[in-house]
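Structure, as structure tokens:
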Amino acid sequence: FLSPEALETTRVVNVWRRHPFERLVCLARDCIVHNSSLHMVDASGKWIDNCLDKGFNFDRHRAMVRKYGVKVYIDPAWAEAQARELVHLGDSQADFLRSIGFTDFETVATEDLDAFEYDSAHIDDSVDAWLAWMRSWGVDADATLVRRVVTMGWPKAGQGAGVWGHMNAAIGGGVGKRTRHSPFDSIANADAVMAALEASASDRVRALVAAERVQPGSGQGKDSGVPSSSV
Numbered sequence: 378f379l380s381p382e383a384l385e386t387t388r389v390v391n392v393w394r395r396h397p398f399e400r401l402v403c404l405a406r407d408c409i410v411h412n413s414s415l416h417m418v419d420a421s422g423k424w425i426d427n428c429l430d431k432g433f434n435f436d437r438h439r440a441m442v443r444k445y446g447v448k449v450y451i452d453p454a455w456a457e458a459q460a461r462e463l464v465h466l467g468d469s470q471a472d473f474l475r476s477i478g479f480t481d482f483e484t485v486a487t488e489d490l491d492a493f494e495y496d497s498a499h500i501d502d503s504v505d506a507w508l509a510w511m512r513s514w515g516v517d518a519d520a521t522l523v524r525r526v527v528t529m530g531w532p533k534a535g536q537g538a539g540v541w542g543h544m545n546a547a548i549g550g551g552v553g554k555r556t557r558h559s560p561f562d563s564i565a566n567a568d569a570v571m572a573a574l575e576a577s578a579s580d581r582v583r584a585l586v587a588a589e590r591v592q593p594g595s596g597q598g599k600d601s602g603v604p605s606s607s608v
């Protein structure tokens, strides 16, 4: 697949989402997958089918569906089958990378990369994840500087640090400023999907719902609250 020269000069990092439904909701909202098993719906439950509209603008669409909280429909049986595969996505991606010749890489979860944005108690998780990301690219990063960027943000953290960066880029900072929402809150038929997951033969799939049940208010509500004309 890749020449020996390419393998010697190319570095990769294996990044994945731990929660399958974070991925599936994004696939529908971003019009990457849009079929009878997975698609956006309006407040009445009607299929929103504007992904191929003339003049479709991806960036504008992506912002609008999130602004108005557009929900998605997922066929329950299909959802369970997808979940059985996606809970192992990190391992399957790593197996693929090894199959084409890569041996020295890290596996990092997106939930760890951005954990600091939701809770200051998880700053260490984010620092470790970003260090692993850069290590996978062959960069021996300064852990103290990475922590400064994560907690203070860039370019503020770079001032006086003796490091170069694109000063128009703002990364890090805002510790604990975001609220993490359950992906099931974005699924119009969440109750039916969760019932299918609870009946799964996979312990890891059933655990998705068990974790959800301890978060009051998550996964509830059938109405997207979005008029069909909003998207």
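Reading the sequence shown from the start, the letters are residues 378 to 608 in the working numbering. Quick reminder that beta carbons are idealized off the backbone N, C-alpha and C, glycines included.
Item	Value
Which listed residue (Val-526, Gln-470, Asp-481 and His-465) has its alpha carbon closest to that of Leu-490	Val-526
Through-space distance from Ser-380 to Val-552, alpha-carbon basis	43 angstroms
Closest Cα partner of Val-389 within the set Thr-556, Ala-573, Val-442 and Phe-479	Phe-479
Own chain, CB closer than 6 angstroms to Ala-471, minus 5 neighbours either side, in chain order	Asn-391 and Thr-484
DSSP three-state assignment for Gly-537, whether helix, strand or coil	Reliability of the predicted coordinates at Gly-537 is poor, the pLDDT of 47 falling under 50, and the value obtained from them is presented with this limitation in mind. DSSP places Gly-537 in coil when its eight states are reduced to three.
Residue interval of the alpha helix (DSSP H) (run including Val-586)	580-590
DSSP state of Leu-401 mapped onto helix, strand, coil	helix
Three or more C-beta pairs below 8 angstroms linking the stretch 424-440 and the stretch 452-472	no
N- and C-terminal bounds of the beta strand (DSSP E) containing Trp-393	391-393
Where Val-447 sits in the DSSP three-state scheme	coil
Distance, Cys-428 Cα to Ile-409 Cα	9 angstroms
Alpha carbon of Trp-514 to alpha carbon of Asp-496, nearest angstrom	27 angstroms
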